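Undergrad: Shown below is the structure under consideration.
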Amino acid sequence: MKKFSIVIISFLGFVQISAQKDSIFINAKLSADRKTLEVEQQIVYHNHSNKDLDSLKLLNLVAAYNNRKTALVYRKLEDRNNRLHFAKQDEVGKLLEISISKDNQNFIIPKKEEENLYLLLQNPIKIGESVVLNLKYKLQLPDKKFTGYGTSANNSSLKYFFIVPDHFDTGNNLSRSYLDIEESVNFNTFWKINLILPTEFHAQGNLNQTAENTFEGDLDSDPEFIISKEKFPILNVYSESFKTEIKLGYPITDQEKQNMEFFLPLQLKFIEDRIGAIPEQIFISEKFKAKEDFFGNNDINFWKFNFKLFSDAEKIDQDYFGIISKKVLDEKIIADKQNFHWFKNGLKSYLEIQYLKKFYHDAKLLGNLTETKLLGIKPVKFFHASKVKLLDRYGLAYQYIMTQNLDQKIGEKYADLSNFNDNAISHFETGSLFSYTAEKMGENNFSILVKDYIAKNTDKQINPEEFLQRLAEKETSSEYLSNFFKHKNRDNFNLKNFKTKDDNVEVRITKNTNENIPVKLETENRAGFKKSYWLETEKNKKLTTFEIPAEDIYKITLNNGYIFPDPSYRDNYLYTKGIFSNSKKIKLKLIKDIPNPEFNEIYLNPRIRFSNAYDKFLLGMNFKNQSLFDQKFSYSITPYFSTGTRKMVGSGAVSYSFLPAESFMRALTVGFSAAQFHYDYELAYSRISASAGISFTKNPRSTVSRGLAVSYNYYERDLSAKMIANRDYSKYNLWSVGYGYTDNQMIHEKSLSVSTQGMEDYNKVTAEGFYRWEFAPRQKLSLRLFAGYFVRNETRNNTFNYGISRVSDYSFSYNLLGQSATEGLLSQQYILADGGFKSFIPGTVNQWITSFNVDTSVWKIFHVYADAGVYKNKNFDPKFIWDSGVKVRLIPDFLEIYLPVQSSLGFEPGFKDYGKRIRYTLILNLGTIINAARRGWY
């Protein structure tokens, strides 16, 4: 405490000099194992609010790592990361002890595990006055693997661990939770930090270093340090107008350093010309580098092959331009990230777009991959993706997520954005709109406006809405942006048609918005010469006619190159000559691709798949219009040759999805389909279906999905002589209505479905609930409750009965390998449906059934299961049944083996035919695998 007191005395002089700027002095000692941090601290806090303060709030963000109920843990689970949830006590971060005093007042801190510490003051702080707080506390640092901050075997990273005021909450009354979103909480503060480190360790950070492990200076962001035995590189960049020290928190190779020394001066000059002065020092941590580097330029590694999209020098250039751009913006702009994330993120993408225009104008999205040869040919050249420019990535990312109606408004709170929308919306869409406006008003004029706005708000918290207002004053056609950012938009331009008029071409353009958004029209002749026109549209007028010089025009395009977030670029192209004049050409393609909006594309995909024991392998060709992006209208027709029956079979479907941007539903899809396959040897079935389904709106970060579906199905089946004798159904109609709820979160996975189904001979109601709890890493307990009841049952046989251990696949929806198999390996396939029993308990149910299925991990891939239930058939008393056994999860949820042990039938391993009682699940649906893999992104 003696050293601390001496420093406090010397610090008082600085307090007077700093005027209204807050000041924080820290003396921190890191333990030898780098697990704990002892801190002595003084905070000089000014009342910047418009009222007297009778309480103060300090942020204790290390508490976010302390238990399973914090917002940080929930967010990590949304990202499919359960490491912090299952962290051991010596891995979490926590506040171990603390004392806070002011003058003669000692504050009582009842809950050290809270992220917000509220201090009740004996004497209120007047507006503009200050108070000095003395703190002494001890922290347990978390393991670095959770967020990139904390301690690892090699080094320690310190950020968001010191207890500080919340400068974005001047009223000191709003709770804040740490979410690991690089959200600044402290700005316009003078810092003086002395770190006492274990022997041989050194610190490097974003403050000026005045002595060994001693740092001080003004910051508009939070202090950050990397502590390591290794000394990391420092690069000095000089120019006529700036001198910048770039400190890295990670090692780099000599080649990387050489490339950076070449590119950094060019990059910083480019940035300076567009947003103003460059900071004197920049610190880049390994985490910041990983988050802000250039998305999508990594090498593609496949088996033993490595395909380089860009050279090492190009990747360094692209990566560090994005990293440096964002770091400079962070140092120069103070904005609440939750509400105004789009400003800095959008400017970063805007700078990237301008940089790519200048230095990578003709570069392709797939880079050098387009020139890669296999067996003497360049296979990527067959794809439209090979022609897509690197610049197009900004518009394409938005198109991809928008076509699924999973995009979000630009003004969405940052914590509510999905991981994909962080890039596609906050960065790319906003940056595209800034670039669109800059091109319309002149890029130099836009740069002058940005530089002026940033310079006038140095060390001030800004409201970027004011920037949009200034932009609208300079360029009136950008007035729409302020409202545009507040909604999910589907503002579409449609190039309706053209006609020749004297020496001009008269072009009719419609838009579906009342806003006066400008549009860029481009003409092209057969020689490839292009000419551009910026066209102004009028408010409240949706059809506009423009005249442009004819000049041997061959093609007319609106907003070419995905420069505006238009929901349908297919409306933006017209040819003026040939048989496709005023219409679109048709193009046949073999493999799914990025869609080319100039054409009506039909994809022809050869198909080979194993269907079942009767059709066996199916050989066919699929015709569809579905590209890598979803489409509202889609069709798919697949004729097959059945190798098992030597006959033609197949399926076809057509659907249309209504995707309202802002509604209670995400999608309303109506469709029709038909299919014909075999369900037994020489027995075929045909199905004709009509359906409608609603997917309700969901938070893209959430794992919850809800849907409502209605369907009608008409079936015709060939019958065997035995089936005819049993009066089986050759034709029947099925109506069904169902509601489904799923929550695929990591720890507590839940689902619920309720449905009713009927035809002329029966009506039944079914409900199913499922819960899966991950109680330890990769160790889960599953519970399922099923109930089925026939409201009316006048059927002629057991075709439509509930199954106990086998399902009756009368709707042909379960993808059974042997739909009619009653013995042999195919009959042992298990489907979790109806009663869900694994043991072959005989019979079906024609009145009601209730069953309960339990499954839990034991060791590695081995589980134990148990099923119990009660069912009742007409004219019989209710019957209780049960079974139990061992499950082996070879490929979880896709290939699993069930070994029955004890059941209502007895001790099953003792039965002579035990091998025939073993069950298995086998799922060969690629779509299911893809959906499981992309959880956590949207």
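Using the numbering used here, the letters of the sequence shown map in sequence onto residues 11 to 948. Backbone N, C-alpha and C define an ideal beta-carbon position, used for all residues, glycine too. No experiment lies behind these values; they were computed from the predicted model shown.
Return helix, strand or coil for Gln-857, following the three-state DSSP convention.
TA: Coil.
Undergrad: In angstroms, rounded to a whole number, what distance separates the CA positions of Ile-566 and Lys-760?
TA: C-alpha separation (whole angstroms): 52 Å.
Undergrad: Measuring CB atoms only, is the stretch 451 to 459 touching the stretch 575 to 589, in the sense that at least three cross pairs come out at less than 8 Å?
TA: Touching, no.
Undergrad: Of the residues Tyr-724, Gln-409 and Glu-192, which one's Cα is nearest the Cα of Trp-745?
TA: Per the Cα distances, Tyr-724.
Undergrad: Taking DSSP as the reference, what is the three-state secondary structure of Glu-282?
TA: Note: Glu-282 maps to helix in three-state DSSP.
Undergrad: Got a sec, what are the start and stop residues for the beta strand (DSSP E) Asn-493 sits in?
TA: Where Asn-493 is concerned, there is no enclosing beta strand (DSSP E), although the alpha helix (DSSP H) it sits in stretches over 490 to 494.
Undergrad: With three or more beta-carbon pairs closer than 8 Å as the criterion, would you say the stretch 59 to 68 touches the stretch 233 to 244?
TA: Flag = no, the stretch 59 to 68 and the stretch 233 to 244 do not touch.
Undergrad: Given 8 Å as the limit, is there contact between the stretch 422 to 436 and the stretch 676 to 694, that is, 3 or more CB pairs closer than that?
TA: Touching, no, given that fewer than three Cβ pairs across the two stretches are closer than 8 Å.
Undergrad: If distances are taken between C-alpha atoms only, which option among Gly-846, Asp-844, Gly-828 and Leu-339 comes closest to Gln-838?
TA: Checked all of Gly-846, Asp-844, Gly-828 and Leu-339; the closest Cα to Gln-838 is Gly-828.
Undergrad: Can you look up His-177 in the DSSP assignment and give me helix, strand or coil?
TA: Three-state result, His-177: coil.
Undergrad: Which value, in whole angstroms, describes the spacing of the CA atoms of Lys-155 and Ser-162?
TA: One C-alpha to the other measures close to 7 Å.
Undergrad: What is the rounded straight-line gap between the Cα of Ser-109 and the Cα of Ile-173?
TA: Using only the alpha carbons, I get a separation of about 12 Å.
Undergrad: For the beta strand (DSSP E) containing Ala-482, list its first residue and its last residue.
TA: Here Ala-482 belongs to no beta strand (DSSP E); instead the alpha helix (DSSP H) covers 474 to 484.
Undergrad: Would Tyr-75 pass as a contact of Val-102 if the rule is Cβ separation under 8 Å?
TA: Yes.
Undergrad: Can you tell me whether Arg-929 is helix, strand or coil according to DSSP?
TA: Three-state DSSP puts Arg-929 in a strand.
Undergrad: Might you give, ordered along the chain, the residues of its own chain that have their beta carbon closer than 6 Å to the beta carbon of Lys-146, omitting 5 neighbours on each side?
TA: So the list reads Glu-50 and Ser-109, once near-sequence residues are dropped.
Undergrad: Using the three-state DSSP reduction, which class does Gln-30 fall into: helix, strand or coil?
TA: Of the three classes helix, strand and coil, the one that applies to Gln-30 here is coil, per DSSP.
Undergrad: When the cut-off is 8 Å and only beta carbons count, does His-56 lie next to chain D?
TA: Looking for chain D here will not work: only one protein chain is present.
Undergrad: For Asn-216, collect the residues of the same chain with a Cβ closer than 6 Å to its Cβ; drop the 5 residues on either side in sequence, then sort them by chain order.
TA: So the list reads Glu-234 and Phe-293, once near-sequence residues are dropped.
Undergrad: Can you look up Gln-912 in the DSSP assignment and give me helix, strand or coil?
TA: Looking at Gln-912 - three-state DSSP - the assignment turns out to be strand.
Undergrad: Using 10 angstroms around the beta-carbon of Gln-26, count the other beta-carbons present and answer buried if the total reaches 16, otherwise exposed.
TA: With a pLDDT of 44 at Gln-26, under the threshold of 50, the predicted position of this residue should be treated as unreliable, though the coordinate-derived value follows. By the neighbour-count rule (16 or more Cβ atoms within 10 Å), Gln-26 is not buried but exposed.
Undergrad: Considering only residues of the same chain and omitting the five flanking positions on each side of Tyr-490, which have a CB-CB separation below 6 Å?
TA: Cβ neighbours of Tyr-490 beyond the five flanking positions: Glu-525 and Ile-527.
Undergrad: Count the other C-beta atoms from every protein chain shown that fall within 10 angstroms of the C-beta of Ser-667, then say buried if there are 16 or more, exposed otherwise.
TA: Classification for Ser-667: buried.
Undergrad: So what's Glu-546 in DSSP terms, helix, strand or just coil?
TA: In this structure, Glu-546 counts as coil in the three-state DSSP scheme.
Undergrad: Evaluate Thr-447 with the Cβ neighbour count: other Cβ atoms within 10 Å of its Cβ, from every protein chain shown; 16 or more gives buried, anything less gives exposed.
TA: The residue in question, Thr-447, is buried, as its Cβ has 16 or more Cβ neighbours within 10 Å.
Undergrad: Looking at the secondary structure, which residues open and close the beta strand (DSSP E) in which Ile-519 lies?
TA: First-last of the beta strand (DSSP E) with Ile-519: 514 to 521.
Undergrad: What ranges does the beta strand (DSSP E) occupy inside the stretch 584 to 615, keeping only unbroken runs of at least 3 residues that lie completely in it?
TA: The stretch 584 to 615 contains these whole beta strand (DSSP E) runs: 595 to 599.
Undergrad: Restricting to Cα atoms, I'd like to know which of Phe-35, Ser-849, Asp-176 and Ala-831 is closest to Ile-814.
TA: For the residues Phe-35, Ser-849, Asp-176 and Ala-831, the minimum Cα distance to Ile-814 belongs to Ser-849.
Undergrad: Helix, strand or coil: which one does DSSP assign to Ala-786?
TA: Three-state result, Ala-786: strand.
Undergrad: Could you pull out every residue in the same chain whose Cβ sits closer than 8 Å to the Cβ of Lys-8, ignoring the five residues on either side in sequence?
TA: Residue coverage of the chain in this structure runs from 11 to 948, which leaves residue 8 outside it and unanswerable.
Undergrad: Can you tell me which of the three DSSP states Glu-557 falls into?
TA: The answer is strand: DSSP assigns Glu-557 an E or B state.
Undergrad: Beta-carbon within less than 7 Å of Phe-211's beta-carbon, same chain only, minus the 5 sequence neighbours each way: which residues are those?
TA: So the qualifying residues of the chain are Ile-237, Ser-238 and Lys-239.
Undergrad: Whose C-beta lies closer than 7 Å to the C-beta of Lys-587 among residues of the same chain, with five residues either side of it excluded?
TA: Once the five neighbours on either side are set aside, the close Cβ partners of Lys-587 are Tyr-564.
Undergrad: Out of Lys-423, Gly-925 and Glu-906, state which residue places its alpha-carbon closest to the alpha-carbon of Ile-191.
TA: Among Lys-423, Gly-925 and Glu-906, the Cα nearest to that of Ile-191 belongs to Lys-423.
Undergrad: Which of the three DSSP states, helix, strand or coil, is assigned to Lys-267?
TA: The answer is helix: DSSP assigns Lys-267 an H, G or I state.
Undergrad: Ordered along the chain, which non-local residues of its own chain (more than five positions away) have a Cβ less than 8 Å from that of Ile-285?
TA: Hits under 8 Å: Val-338, Leu-339, Lys-342, Leu-357, Leu-361, Ser-457, Val-460, Lys-461 and Ile-464.
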